[in-house]
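Asks:
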Amino acid sequence: MLIRGQTLSFAANPFRTPRDACALHHRRGAIRIDDARITAVAPADSLPPTPGEPVVEMGDALLLAGFIDAHAHYSQTRIIASWGRRLIDWLETYTFPEEMRLADPAYAAAVARDYLDLTLANGITTACVYATSHPHSVDAILGAAQPRGLRMAAGKVMMDRNAPEPLLDTAQRGYDETRGLIARWHGVDRLAVAITPRFAPTSSPDQLEAAGALWAAHPDCPMQTHLSEQPEEIAWVAALFPDATDYFGVYERFGLAGPGAIMGHAIHLTARERAALAETGSGIAHCPTSNSFIGSGLFDAGLAETVPVGLATDVGGGSSFSMLRTMAAAYEIGQLRGRPLHPAQLLWLATQGAADVLRWGDRIGNLEAGREADILALDLASTPVIAQRATRAEDLWEQIFPTIMLGDDRAIAGVWVGGKRLDAAGG
Ligand code: GUN
Ligand code: ZN
C-alpha cells in the first residue's frame, strides 16, 4: 500500500543537531507499507504504485509518525479537568477515590475503551500508561489495546503506604502481581508491562527495593514513576527518606534509574539530579499541561540536550488528550523560561523523543523504512483560524506551527496502526 501526502521524517535529534540537518520533508511524498511495516519513504514521483497496489491519497496533509504519549494515567480518564487542587490534595480528593472505582473490572474495561477511543482520535498510536493497583486494570487496558494492534505499555501501580487502604498492596504482593502481569502480557504482540512504583511517597523502602529487584530480573520492561513534581512533594520525600541525597537519589539507591526508566515531570531538580539523570541514561516524560493545570512548575526542556525526553499528556492530571495541545503547552512553558521550542523540537518530543524514552526508538517514532507502520495524517488547515494563518506561511515550519498552537482532534485526518487504518475513514 502507498499513502501519499507531505511526508516529514527526522534524520537527527533537533535538540542536539542544527535544525536544518534534522528533518527530511517531501512536499509530494509517498510511504510504502508492506506487512505492517514501512518499507520506503520517498518523493511520490520516485515511488509509483506497483500494479494493483492500493494508494491512499491524503493530498496536502502532513504525514508523520503517530504520536507517542510517554506518560498517562488511563484510570484517570473520568476525572480529567477536576478543579482547584494541588498535587497531594488532588490525589486525595479526586484521584484515589476514582482509582478505587476501578476495583470493578467492568468499570475498568469501560474506562479503558473510552481512553483508547480518545487517544486514537488524537493521533496517539502508543502510550505508556499507569493503570491502578488492581492487576485486572492492566488486563483491561492491554486487553483493549491488543485487538486494535497497538504498541502499548501499561503498569500496575505499586503502592503500599500513604494512600487509601483499598488501593494498597504490599512489597511482596506488588512484586508478585507485577510479575504475573509480565508473564501474561509482556512481549505479547506489541504489548509491554511497565514496572510502576507510583512515586517514592507511596512506596515503603521495602517496596522500592522489590521494584528494583523485579526490574533487574526483567530489564527490558520499562520502569515508570514520578519525580520532583511539586515542592511539597519533594519536602515529603526528604522527610520519608532522611538519608537520601535528593529525590532522584531515592530511585537510584533502589536500582530504579537507568535506560528505560521514565521519570514523570522532573521539574524541580538539583544540579546533581540533572547530572545523574544524564549519567544513568534515565528518561523524562515532560507533562506540560499537567504541570500548569496542577500548578507544578516550568520544566526545563534544555534537559533534552543531555537526557532522553518525551512528551506526555499525563491524563488526568494533564488537561488534554491532544498531543497538539500538549505541544502548545510545552511551547508556552518554554517561552516562560526564555526558550521557545522550535516546531521540529516539539514534534520530536511527541514522536521519536517519546519512543526513545520507551526504548522503542528503533521501532516507532519516525517515518523510515523498517519502522512499524504507525502513521498520522495531519490536516494543516483544519479550522478557519488555522487555515488563514497557514496560508501566510513561508516555509514548512511556519505551515505546521499554527496547527501545533491551535489544532486539536479536528486536525487528525488519518491514523494507521501497524499499517491498518483506525480512524473513522478507515471504517
Ligand atoms: N504523583 C503521584 N501520582 C500522581 C498522579 O497520578 N498524577 C500526577 N500528576 N502526579 C502524581
Ligand atoms: Zn502521572
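In the numbering used here, the protein residues as written are 42 to 468.
Cβ atoms here follow ideal geometry from the backbone N, Cα and C, with glycine treated the same way.
Computed from a prediction, not measured in an experiment: that's the story for all the values here.
Just to confirm, is the Cβ distance from M200 to T243 under 8 Å?
Replies: For the purposes of this step, residue 200 is taken as the residue at position 159 of the sequence shown. For the purposes of this step, residue 243 is taken as the residue at position 202 of the sequence shown. Yes.
Asks: Here's the rule: buried if 16 or more other CB atoms are within 10 angstroms of the residue's CB, otherwise exposed. What is T73?
Replies: In the sequence shown, counting from the first residue as 1, residue 73 sits at position 32. The identity of residue 73 in the sequence shown is Arg, whereas the question assumes Thr. Buried, since its Cβ has 16 or more Cβ neighbours within 10 Å.
Asks: Using the beta-carbon count (16 or more within 10 Å), is A251 buried or exposed?
Replies: Counting from one through the sequence shown, the residue named residue 251 turns up at place 210. Under this definition A251 is a buried residue.
Asks: Less than 7 Å separating the Cβ of H267 from some heavy atom of ligand 2?
Replies: Position 226 of the sequence shown, counted from the start, is the residue given in the question as residue 267. Correct: H267 has its Cβ closer than 7 Å to ligand 2.
Asks: Among T286, T118, T330, G164, which has the Cα closest to the Cα of G305?
Replies: As a working note, residue 305 is residue 264 in the sequence shown. Considering only alpha carbons, the answer is T330.
Asks: Roughly how many angstroms lie between the CA atoms of A185 and A434, to the nearest whole one?
Replies: Translated into the one-based positions of the sequence shown, residue 185 becomes position 144. Translated into the one-based positions of the sequence shown, residue 434 becomes position 393. C-alpha separation (whole angstroms): 41 Å.
Asks: Spatial neighbours of P349 within its chain, please: C-beta separation below 6 Å, excluding the five flanking residues on both sides.
Replies: On the sequence shown, residue 349 is found 308 positions in, with the first residue counted as 1. Closer than 6 Å at the Cβ level, and outside the excluded window around P349, lie G324, D397, V398.
Asks: Kindly indicate which residue of G253, C262, G336 has the alpha-carbon position closest to the one of G33.
Replies: Given a span of 42 to 468 for the chain in the structure shown, any question on residue 33 remains unanswerable.
Asks: Would you tell me roughly how many angstroms separate the C-alpha atoms of F442 and P384, rounded to the nearest one?
Replies: Taking the sequence shown and counting its residues from 1, one reaches residue 442 at position 401. Taking the sequence shown and counting its residues from 1, one reaches residue 384 at position 343. Spanning the two alpha carbons is a distance of roughly 6 Å.
Asks: Going by Cα to Cα distance, which pick from V456, G402, G455, L387 is closest to M446?
Replies: Counting from one through the sequence shown, the residue named residue 446 turns up at place 405. Among V456, G402, G455, L387, the Cα nearest to that of M446 is on L387.
Asks: Spatial neighbours of F51 within its chain, please: CB distance less than 7 Å, with the 5 preceding and 5 following residues excluded, ordered by chain position.
Replies: To locate residue 51, count along the sequence shown from 1; it is residue 10. The residues are C63, A64, W389, Q393, N407.
Asks: Below 7 Å, is the gap between the Cβ of D130 and the nearest heavy atom of ligand 2?
Replies: Indexing the sequence shown from 1 puts residue 130 at position 89. Every heavy atom of ligand 2 is 7 Å or more from the Cβ of D130, so no.
Asks: Does the beta-carbon distance from L143 to L183 come in below 8 Å?
Replies: Taking the first residue of the sequence shown as 1, we reach residue 143 at position 102. Taking the first residue of the sequence shown as 1, we reach residue 183 at position 142. Cβ atoms of L143 and L183: not closer than 8 Å.
Asks: Taking the straight line between their C-alpha atoms, what separation do you get for T48 and A147?
Replies: Counting from one through the sequence shown, the residue named residue 48 turns up at place 7. Counting from one through the sequence shown, the residue named residue 147 turns up at place 106. Taking the straight line joining both Cα atoms gives about 41 Å.
Asks: According to the Cβ coordinates, are G351 and I165 closer than 8 Å?
Replies: Sequence index remark: in the sequence shown, residue 351 carries index 310 (1-based). Sequence index remark: in the sequence shown, residue 165 carries index 124 (1-based). Taking 8 Å as the Cβ cut-off, G351 and I165 do not qualify as a contacting pair.
Asks: Check each candidate in L463, R430, D403, L382 and name the one with the smallest Cα separation from P55.
Replies: Residue 55 sits at position 14 when you count from the first residue of the sequence shown. Cα-wise, what sits closest to P55 is L382.
Asks: Below 8 Å CB to CB, which residues in the same chain sit around A285 once its five sequence neighbours on both sides are set aside?
Replies: For this step, residue 285 is matched to residue 244 along the sequence shown. Hits under 8 Å: V278, A279, V291, R294.
Asks: Contact between the region 101–120 and the region 417–431: three or more CB pairs below 8 Å?
Replies: Yes, the region 101–120 touches the region 417–431.
Asks: What are the partner residues of E98, as DSSP defines its beta bridges?
Replies: Reading the sequence shown from its first residue, position 57 is the one you call residue 98. Partner(s): R45.
Asks: Are S360 and I121 close, meaning C-beta to C-beta below 8 Å?
Replies: In the sequence shown, counting from the first residue as 1, residue 360 sits at position 319. In the sequence shown, counting from the first residue as 1, residue 121 sits at position 80. In contact: S360 and I121 (Cβ atoms closer than 8 Å).
Asks: Tell me whether R126 counts as near ligand 1, meaning its Cβ is closer than 7 Å to at least one heavy atom of that ligand.
Replies: One-based indexing of the sequence shown puts residue 126 at position 85. Not so, every heavy atom of ligand 1 lies at least 7 Å from the Cβ.
Asks: Specify the secondary structure class of G468 as computed by DSSP and reduced to three states.
Replies: Start at 1 with the first residue of the sequence shown, and residue 468 comes out as number 427. The predicted model places G468 with a pLDDT of 48, which falls under 50 and marks its position as unreliable; any figure quoted below should be read in that light. It is coil, neither helix nor strand.
Asks: Taking C-alpha atoms, which residue in A162, T354, Q213 lies nearest to L463?
Replies: The residue you call residue 463 lines up with position 422 of the sequence shown. Nearest option by C-alpha distance: A162.
Asks: Give the range of the beta strand (DSSP E) segment to which A302 is assigned.
Replies: Numbered from its first residue, the sequence shown carries residue 302 at position 261. Where A302 is concerned, the enclosing beta strand (DSSP E) stretches over 302–306.
Asks: Buried or exposed: where does S87 fall if 16 or more other Cβ atoms within 10 Å of its Cβ makes it buried?
Replies: The count along the sequence shown starts at 1 and reaches residue 87 at position 46. S87 comes out exposed.
Asks: Who are S50's beta bridge partners in DSSP?
Replies: As a first step, residue 50 is located in the sequence shown; it is residue number 9 there, counting from the start. BP columns for S50 point to L65.
Asks: Using DSSP with H/G/I as helix, E/B as strand and the rest coil, what is T175?
Replies: Taking the sequence shown and counting its residues from 1, one reaches residue 175 at position 134. The question names Thr, but residue 175 in the sequence shown is His. The answer is coil: DSSP assigns H175 none of H, G, I, E or B.
Asks: Taking just the CA atoms, how far does I275 sit from G468?
Replies: The residue labelled residue 468 in the question sits at position 427 within the sequence shown. The residue labelled residue 275 in the question sits at position 234 within the sequence shown. For G468, the predicted model reports a pLDDT of 48, less than 50, meaning its position is unreliable and no value from the coordinates is stated.
Asks: Going along the chain, which residues put their C-beta within less than 5 Å of some heavy atom in ligand 2?
Replies: Listed along the chain, these residues meet the criterion: G305, D355.
Asks: Jot down the residue ranges of each uninterrupted alpha helix (DSSP H) in the region 363–420, minimum 4 residues, whole runs only, in chain order.
Replies: Those alpha helix (DSSP H) runs which fall completely within the region 363–420 and span 4+ residues are 364–377, 384–391, 393–398.
Asks: With H, G and I counted as helix, E and B as strand and the rest as coil, what does DSSP make of G455?
Replies: What you label residue 455 is simply residue 414 of the sequence shown in a count that begins at 1. It is a strand residue.
Asks: Exposed or buried, D355, counting other C-beta atoms within 10 Å across all chains shown (16 or more means buried)?
Replies: Taking the first residue of the sequence shown as 1, we reach residue 355 at position 314. By the 10 Å Cβ count, D355 comes out buried.
Asks: Which residues in the same chain as G375 place their Cβ atom closer than 8 Å to its Cβ, once the five residues preceding and following it in sequence are excluded?
Replies: By one-based count along the sequence shown, residue 375 stands at place 334. These residues qualify, in order along the chain: A342, P381, L382.
Asks: Helix, strand or coil, according to DSSP, for F334 in the structure here?
Replies: Walking along the sequence shown from the start, residue 334 turns up at place 293. Of the three classes helix, strand and coil, the one that applies to F334 here is helix, per DSSP.
Asks: Hey, out of E206, L344, T80, I308, whose CA is closest to S174's CA?
Replies: As a position in the sequence shown, residue 174 is number 133, starting the count at 1. Minimum Cα distance to S174 is reached at E206.
Asks: In its own chain, which residues sit with a C-beta less than 7 Å from the C-beta of E346, not counting the 5 before and 5 after it?
Replies: Within the sequence shown, numbered from 1, the residue matching residue 346 stands at position 305. Correct list, in chain order: F56, R57.
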